[in-house]
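As you go down the protein sequences, you meet chains A and B in turn.
Each residue of the first sequence is one higher than the one before, counting from 1 in this note's numbering.
Each residue of the second sequence is one higher than the one before, counting from 1001 in this note's numbering.
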Amino acid sequence: MAAPVRDREALQRLSFLYQAAHWVLPHSPALARFYCSTQRGAARRLVLRMAPSVKRTICRRCCSLLLPGAGGSLRLRGGGQPHTVLRCRSCGRRRHFLCQRELRPLGQATPTGE
Amino acid sequence: MSVIQQGTATLRKAKKITVKTCLDNPFVFQWKTIDGEDMHFILQTLEERLKHTGLKKIETPRKKKRSLTKKQMERKCDASTTELPKGETEGNHQKAGWTDISVRRQLAIGVNEVTKALEKNELLLLLVCKSAKPAMITSHLIQLSASRATPAGQVPRLSETVAPLLGLTSILALGFKKQSDKFTEAIEAIIPKIPALEVPWFQYRTEESVGHAHTDSSENEEPEQLAEALGDELTSQKRKRTESSQLDLSNVILQPLKIKKLVPNPNKMKKPPRKKKKAFSA
């Protein structure tokens, strides 16, 4: 199936915003947050999916870009199943990700892992 | 369009499998492979230094913990507390813990400790084990160490060689802090062997601070216009406007769009479709 044209332009816009947010992050985290919120808003309006690796780096509450160094802190926790806890520094929202060993084949619609 | 008959499963399965597109992460972070010789050299130097310092963790055997607690309950009534100290020092003449605390403080052992030390800029060198399953346990360290400009290398058998020396079950990350006296020689020997990590935005940022580059490229214009336009909206941006216009973006390479194609899971458990509505329509 050929990729529809409108979606391709919109996806390019999303990826551009994502990359621009990364470049701008050291200079002003506020601008990076704006880019990420624009990206999320655009994806929501056109109902476009984003890879889980992209979604995990954007905080859900404040839309700030979370990098392990600046913005979010990552910790590993045992206790039952090993999982990583990613904490946004600006709004304090925590996300838990289970460390799954078996990843489903990459082409499937139920995406897991990266 | 062909007429869909009711109740025949074969026709339903002949539907086209629609392929959905989704945005994929344009950045890919990978550890760089270290050559076999360098790898052996790194492991050997580590082993030598660790044996030289004699750092080891001694853990108490916890096999008799449950029996101890039951006996404790019984003998608490009798008010005899001689069982406790005996149980702890049964197997070991030395105290439980690390042999050399001062040396222990110069190392950051374990992923969490390494991440904390990296966030505080305390590390000189970072070594990661390649045998982590799943790999996302250590993948965040790539970006972290690149942001702090700390050399970091992935060595395949770090856990197998270093863990028994230290008396631990497994080590996935090992960091040397800046104030380490005993490991400076080893660190200086290891650092040139480790290839630099490629993280696009941090690499170019260090180049910016070194030299001034020209801002003539066409890609530079778009983000600058955006930055200036947004500078009016956000008050905090106003004072920083002059700084943001000096943003050096001539080295920006826009990553190509990566699209992931998703196929619906063929083994997905589907709810049985309702047959009542179609009976009415017929």
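All C-beta atoms in this analysis are idealised placements derived from N, C-alpha and C, irrespective of residue type, glycine included.
So which residues on chain B does residue i lean against when the C-beta distance must stay under 8 Å?
i, result
"C62(A)", "Near C62(A) there are no residues of chain B at all, since even the closest Cβ is about 15 Å away, more than 8 Å."
"S159(A)", "One cannot answer for residue 159(A) here, as it falls past the ends of chain A, which runs 1 to 114."
Should residue i and residue j be called a contact, given that it needs their Cβ atoms to be closer than 9 Å?
i, j, result
"A10(A)", "L46(A)", "yes"
"H1052(B)", "L74(A)", "no"
"L17(A)", "Q39(A)", "yes"
"S968(B)", "L1165(B)", "The structure shown does not extend to residue 968(B), since chain B spans only 1001 to 1282, so no value can be given for it."
"K1032(B)", "Q1106(B)", "no"
"V1128(B)", "L1172(B)", "yes"
"I1191(B)", "P1151(B)", "yes"
"L1174(B)", "L1118(B)", "no"
"C88(A)", "R61(A)", "yes"
"K1133(B)", "R1157(B)", "no"
"C1022(B)", "R49(A)", "yes"
"T1161(B)", "L1043(B)", "yes"
"C99(A)", "M1136(B)", "yes"
For residue i and residue j, what's the separation of their Cα atoms in angstroms?
i, j, result
"Q1143(B)", "E1047(B)", "27 Å"
"P82(A)", "V1111(B)", "13 Å"
"R1104(B)", "G69(A)", "25 Å"
"D1038(B)", "I1194(B)", "8 Å"
"Q12(A)", "G41(A)", "15 Å"
"P1272(B)", "L31(A)", "48 Å"
"E1207(B)", "A1149(B)", "At E1207(B), the pLDDT of 43 sits below 50, so the modelled position is not reliable; the number obtained from the coordinates is stated separately. If you take the alpha carbons of E1207(B) and A1149(B), they lie about 12 Å apart."
"S1180(B)", "N1121(B)", "14 Å"
"S15(A)", "A1186(B)", "42 Å"
"C36(A)", "V1028(B)", "19 Å"
"L24(A)", "S64(A)", "At residue 24(A) the sequence reads Val, which differs from the Leu that was named. Straight-line Cα distance between these residues: approximately 12 Å."
"D1024(B)", "K1177(B)", "36 Å"
"I1058(B)", "T1099(B)", "8 Å"
"V1019(B)", "V54(A)", "20 Å"
"S90(A)", "G72(A)", "8 Å"
"F34(A)", "D1035(B)", "43 Å"
"V1114(B)", "L86(A)", "16 Å"
"S1147(B)", "A43(A)", "29 Å"
"T1184(B)", "H27(A)", "34 Å"
"L1234(B)", "P1026(B)", "Interpretation of L1234(B) is limited by its pLDDT of 43, a score under 50 that renders its predicted location unreliable; the figure taken from the coordinates is listed afterwards. Spanning the two alpha carbons is a distance of roughly 28 Å."
"A1163(B)", "R1274(B)", "59 Å"
"H1040(B)", "L76(A)", "29 Å"
"K1182(B)", "G1097(B)", "20 Å"
"P29(A)", "T1045(B)", "41 Å"
"R1049(B)", "E1188(B)", "13 Å"
"D7(A)", "I1109(B)", "47 Å"
"G127(A)", "H96(A)", "Absent from the model: residue 127(A). The displayed extent of chain A is 1 to 114, so no value can be given."
"P136(A)", "K1116(B)", "Since the first and last residues shown for chain A are 1 and 114, residue 136(A) lies out of range."
"S1170(B)", "S1159(B)", "5 Å"
"H22(A)", "T84(A)", "22 Å"
"A1196(B)", "G80(A)", "36 Å"
"Q1030(B)", "L1055(B)", "32 Å"
Chain A partners of residue i, CB-CB under 8 Å?
i, result
"R1148(B)", "G69"
"E1119(B)", "G69 and S73"
"Q1143(B)", "L67, P68 and G69"
For a contact defined as C-beta to C-beta under 7 Å, what are the partners of residue i on chain A?
i, result
"P1151(B)", "Those do not exist, as P1151(B) stays about 15 Å from chain A at its closest Cβ, beyond 7 Å."
"V1103(B)", "Correct list: empty, because the minimum Cβ distance to chain A is about 24 Å."
"H1140(B)", "P68 and L74"
Quick one: list the residues of chain B neighbouring residue i, beta-carbon separation under 7 Å, in chain order.
i, result
"L76(A)", "V1111, N1112 and I1137"
"S37(A)", "Per Cβ cutoff of 7 Å: no residues; S37(A) is ~12 Å from chain B at best."
"L14(A)", "L1023"
Using a C-beta to C-beta distance shorter than 9 Å, which residues of chain A count as neighbours of residue i?
i, result
"T1115(B)", "P68, S73, L74, R75 and L76"
"H1040(B)", "The premise fails here: H1040(B) is roughly 29 Å from chain A at the closest Cβ pair, so nothing lies under 9 Å."
Whole alpha helix (DSSP H) elements within the segment 1123 to 1166 of chain B, 4-residue minimum | 1140 to 1147 and 1158 to 1166
Quick one: complete alpha helix (DSSP H) runs, 4+ long, within the segment 43 to 97 of chain A?
-> 52 to 56
With a floor of 3 residues, list each beta strand (DSSP E) that falls wholly inside the segment 9 to 49 of chain A, ordered by position along the chain.
-> none
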